[in-house]
Amino acid sequence: MSSSGAAPALRPPPTLFILGLLVPASMLGTLTRIGITSLFTFAHTPLDPPIIWAQIIGCAVFGGALQNKAYFESIVLRLDHHQQAVGLQLGTALYTALTSGYCGSVTTFSTWILDDYLAWANYDGVDRAGGKSFLAGIGQSFVTLILSIASLRLGMKLAEEGEPFCMSWVIKILPASLRLGTLSTAERSAPLATFQPEADLTPSSDYPDGTDIVKKKHSRKLAKHQLLYIATCMFAVGLLVMTSLLVALYTPTRTISVALALSPPGAMFRWYLSRINGKSFKALPVIRRHSTRAGQSSPNAWPYGTFAANMLGVAIVGAAYTALHASRTDAASTVPYSRVKCDVIYSGLEVGLAGCLSTISTFAAELYTLGAGLKTRQAAVLYAFASWGWGLVLYALLVAVPLQTLRQVDRCPAA
Numbered sequence: 000m001s002s003s004g005a006a007p008a009l010r011p012p013p014t015l016f017i018l019g020l021l022v023p024a025s026m027l028g029t030l031t032r033i034g035i036t037s038l039f040t041f042a043h044t045p046l047d048p049p050i051i052w053a054q055i056i057g058c059a060v061f062g063g064a065l066q067n068k069a070y071f072e073s074i075v076l077r078l079d080h081h082q083q084a085v086g087l088q089l090g091t092a093l094y095t096a097l098t099s100g101y102c103g104s105v106t107t108f109s110t111w112i113l114d115d116y117l118a119w120a121n122y123d124g125v126d127r128a129g130g131k132s133f134l135a136g137i138g139q140s141f142v143t144l145i146l147s148i149a150s151l152r153l154g155m156k157l158a159e160e161g162e163p164f165c166m167s168w169v170i171k172i173l174p175a176s177l178r179l180g181t182l183s184t185a186e187r188s189a190p191l192a193t194f195q196p197e198a199d200l201t202p203s204s205d206y207p208d209g210t211d212i213v214k215k216k217h218s219r220k221l222a223k224h225q226l227l228y229i230a231t232c233m234f235a236v237g238l239l240v241m242t243s244l245l246v247a248l249y250t251p252t253r254t255i256s257v258a259l260a261l262s263p264p265g266a267m268f269r270w271y272l273s274r275i276n277g278k279s280f281k282a283l284p285v286i287r288r289h290s291t292r293a294g295q296s297s298p299n300a301w302p303y304g305t306f307a308a309n310m311l312g313v314a315i316v317g318a319a320y321t322a323l324h325a326s327r328t329d330a331a332s333t334v335p336y337s338r339v340k341c342d343v344i345y346s347g348l349e350v351g352l353a354g355c356l357s358t359i360s361t362f363a364a365e366l367y368t369l370g371a372g373l374k375t376r377q378a379a380v381l382y383a384f385a386s387w388g389w390g391l392v393l394y395a396l397l398v399a400v401p402l403q404t405l406r407q408v409d410r411c412p413a414a
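Letter 2 of the sequence shown, counting from 1, is numbered 1 in numbering that gives the first Met the number 0, and no numbers are missing.
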């Protein structure tokens, strides 16, 4: 690589480092979702169910991050001080933590589809005709989806309008070694945030050509970025241990702490599944025409990873809902669950694990991206209806069939 302004080779952030960032991000996202839902849970709330507000806020933040993705990608931690040095894509890891970790945990696809299904099935026993239940299900489906996409666009627009002020503020608070520059079209592919060499080092007499400086600074910089990895992973492990201890030892916050403890596995697994997004497969000819070669990435191909994560989240919530509301006819099967079991099934599996495994913010962004192109709008419509339809089918199999064959009870009245 030449030194005439060419961008140095970049190294992607290690997987363990990204997983370490996903732990606090997913916990914070789950805590935000729980807090917003509780805040808007009151009589005659304008938007019911209140989790719609969490979907709105999560999609808006995702839109702002998506609009400023180029700025995140320009933050590069230089690992040594040569012009051809290898740099660490630190901004990419931060972007993943914000979008996949935080926003993906604030929003949840599985709860949205469950609310849709419950509106269709009318399990609450509201006095209304079948046609009204149909309208309730349709309204529940489209209101959440439309508000999510609109919030995504609102976040993108606010980020675009506030970009001059926000970026000047970011430049002021960042250290000089990580200052961002103004991104032009030609500069978007070049790393703008790099560490600059210090000027107070002089060569030793043993190495008059300055080789010792390079070795010392290279070793020091490697120690610093390795320390960053270790500190991030230790912080993530500490959070997991702390929440696990809260679950076991402190009863008043167990409902929240068990959800936080099971949030990172859901977010991590969803991030792993996102690696197959954009892949094309010969076994799926409906989408293959929008792709390149089978098994290779294409921006026009279906987001199979997000689809799989959302369906898995729906399956977990469906199984948990049935466990809480179905029983055999004998008296022993109608005894309410203990508070611990209710917290694990509802807060842990539904709110924590499945809530972070499934997401609407990424789903809305993918619909927006696919719908932006004339050739991919059909794929966007098909993706939306397939996700929504298969989610309802899974709930029909996992919830409707057991509740029709078994006895419907409420094993956890507070859940």
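Even for Gly, the Cβ is constructed at its ideal location relative to N, Cα and C.
| Asked | Found |
| --- | --- |
| Range covered by the alpha helix (DSSP H) that runs through residue 418 | What the structure shows of the chain is the stretch from 0 to 414, and residue 418 is not part of that stretch, so it cannot be assessed. |
| Close Cβ partners of residue 235 (< 7 Å) along its chain, the five nearest in sequence each way excluded | 19, 22, 23 |
| Delimiting residues of the alpha helix (DSSP H) encompassing residue 115 | 108-120 |
| Residues near residue 162 in its chain [Cβ-Cβ closer than 6 Å; skip 5 each side] | none |
| Where residue 139 falls, given that 16 or more other Cβ within 10 Å makes a residue buried | buried |
| Residues that DSSP places opposite residue 415 in a beta bridge | Within the shown structure, residues of the chain are numbered from 0 to 414, placing residue 415 beyond reach of any answer. |
| 7 Å Cβ cutoff met for residue 104 and residue 355 | yes |
| Outcome for residue 230 when other beta-carbon atoms lying within 10 angstroms are tallied against a minimum of 16 | exposed |
| As assigned by DSSP and simplified to three states, the class of residue 74 | strand |
| Residue 255, enclosing alpha helix (DSSP H) - first and last residue | 253-260 |
| Collapsed DSSP secondary structure at residue 265 in the structure displayed | helix |
| Identity of the residue in 132, 347, 323, 319 nearest residue 252 by Cα | 347 |
| Residue 96, enclosing alpha helix (DSSP H) - first and last residue | That residue, residue 96, is in no alpha helix (DSSP H); it is neither H nor E in DSSP. |
| Which listed residue (61, 302, 325, 407) has its alpha carbon closest to that of residue 375 | 302 |
| Beta-carbon proximity list for residue 342, same chain, < 7 Å, skipping 5 on both sides | 253, 254, 257 |
| Three-way DSSP call (helix, strand, coil) for residue 86 in this model | strand |
| CA-to-CA distance, residue 250 to residue 407, given in whole angstroms | 29 Å |
| Through-space distance from residue 313 to residue 90, alpha-carbon basis | 32 Å |
| Pair within 7 Å by beta-carbon distance, residue 398 and residue 321 | yes |
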